[in-house]
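**Student:** This is the structure I have questions about; it appears just below.
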Amino acid sequence: MTHPSAHQATPAADTQGTTLARTPLHDLHHHLADRLGEAARDWLDRALDEAAEHPGAHGPISVWELRLAEAGRRCGPEHADAARILILHAARADTEALTRVYAQGTAAERRAVLHALPHLVPGPQALPLVEDALRTNDTRLLAAAVGPYAARHLDAHHWRHAVLKCLFTGVPVTEVADLERRAHADTELARMLGDYAAERTAAARPVPADLHRVLTLTDPTATPPAPAADHGRSGADGTHGKES
907 MTHPSAHQAT PAADTQGTTL ARTPLHDLHH HLADRLGEAA RDWLDRALDE
957 AAEHPGAHGP ISVWELRLAE AGRRCGPEHA DAARILILHA ARADTEALTR
1007 VYAQGTAAER RAVLHALPHL VPGPQALPLV EDALRTNDTR LLAAAVGPYA
1057 ARHLDAHHWR HAVLKCLFTG VPVTEVADLE RRAHADTELA RMLGDYAAER
1107 TAAARPVPAD LHRVLTLTDP TATPPAPAAD HGRSGADGTH GKES
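Under this note's numbering, the residues of the sequence shown are numbered 907 to 1150, in order.
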């Protein structure tokens, strides 16, 4: 098997939030190759080869799904998410396979599926996984859910509520992919933010600093941000957030 090349800059060591979803796959592989010990590198290479050679299910579970479960023990928790993404990609996991892994997996495996979506699913068919993650209070799962895939495909109503969920749970809004562009001139989001701030103030509770940052981004008089490389396709309705 030919693994991703390693000629570009590696991602930052921090693998929280949406860093992994925004990082090219060959950079993820290079990142791991630089940081894993010899035994872990050998294990990952074998796991990627197995996934590429046997992507379908053999018996009740595919071999690559077993490797997803092993990744934390083999690569360490700080590198397991990246390893799982590479295994999912090598297995050419489609929406059905990703949904199965998400439904049956641990929180860490669900997080890896969310990180893998922009690498594997070009259309909006995996949105139910994002929407499920957004209903949780697991901040690491929430941070993974608001990555590039959500930015491309989540409709305006659900995207606005995802931003508010981040504010409510303390997930930094810097994790929200494409925030500047989607928030720009969004008067409905501005209204929702104002209502939330008023509720917090009335209850004598502090207003999150991130709320003011997002509210500033909704200003219709501000210069629109330049398109980003990871915008991809818009949502299924062809819009990005100016209707509720």
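Ideal Cβ positions, reconstructed from N, Cα and C, are used throughout, including at glycine.
#1: Below 8 Å on the Cβ atoms is my contact criterion, and I expect L926 with L938 to pass it. Report the Cβ-Cβ distance as a whole number of Å.
#2: Could you check what DSSP says for H1090 in three-state terms: helix, strand or coil?
#3: Please state whether the Cβ-Cβ distance between T1124 and L1095 is less than 8 Å.
#4: How far does the alpha helix (DSSP H) with Q1031 in it extend, from its first residue to its last?
#5: Is it true that the CB of P1024 sits closer than 8 Å to the CB of G978?
#6: Here's the rule: buried if 16 or more other CB atoms are within 10 angstroms of the residue's CB, otherwise exposed. What is D987?
#7: So does the stretch 1035-1052 actually touch the stretch 1008-1017, counting three or more Cβ pairs closer than 8 Å?
#8: Ignore the nearest five residues each way along the sequence and tell me which others in V1079's own chain have a CB closer than 8 Å to its CB.
#9: Given a threshold of 16 other Cβ atoms within 10 Å of its Cβ, counted over all protein chains shown, does T929 qualify as buried or as exposed?
#10: Considering just the uninterrupted stretch of the alpha helix (DSSP H) at D933, what are its terminal residues?
**Tutor:** Quick look at the numbers:
#1: The beta-carbon distance between L926 and L938, rounded to whole angstroms, is 11 Å. This is too long to meet the 8 Å contact definition.
#2: coil
#3: yes
#4: Run containing Q1031: none; DSSP gives neither H nor E here.
#5: No, Cβ-Cβ distance for G978 and P1024 is not below 8 Å.
#6: buried
#7: yes
#8: V1069, C1072, L1073, L1085, D1116, R1119 and V1120
#9: buried
#10: For D933, the enclosing alpha helix (DSSP H) covers residues L931 to R941.
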